[in-house]
Amino acid sequence: MLLNWLDQKLEPEQLKRLEKLRSNLIEIVYVNVVFGFFAIFFWILPLAFLILIFNLIFPETGPYYSPCEPHPYDGCE
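Start counting the sequence shown at 1207; every next residue gets the next number (the working numbering).
What follows is the structure, encoded as structure tokens:
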């Protein structure tokens, strides 16, 4: 509604500048969204591999580690 009102009130030169401003803002938002997606993707992916590697090297620090309690009947020694 505001954009329609502006289109009616502005002169042709101002209207061209407004269109250019709109397209620039849309481009800036688009680039920021794409960059943000890739930044998150490229931070999370290596972090997941680092966690996997450290859990393979040091399994006792992982979330699923449960030390085996020695008991004569369960075969854990």
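No residue lacks a Cβ here, since even glycine has one placed at the ideal position from N, Cα and C.
(request) Using a threshold of 8 Å, state whether the C-beta atoms of residue 1227 and residue 1216 are closer than that. (result) No, Cβ-Cβ distance for residue 1227 and residue 1216 is not below 8 Å.
(message) Going by DSSP, what residue range makes up the alpha helix (DSSP H) through residue 1266?
(response) Residue 1266 -> no alpha helix (DSSP H), and no H or E assigned at all.
(message) Please report the straight-line C-alpha distance between residue 1256 and residue 1232, rounded to a whole angstrom.
(response) Spanning the alpha carbons of residue 1256 and residue 1232 requires a straight line of approximately 36 Å.
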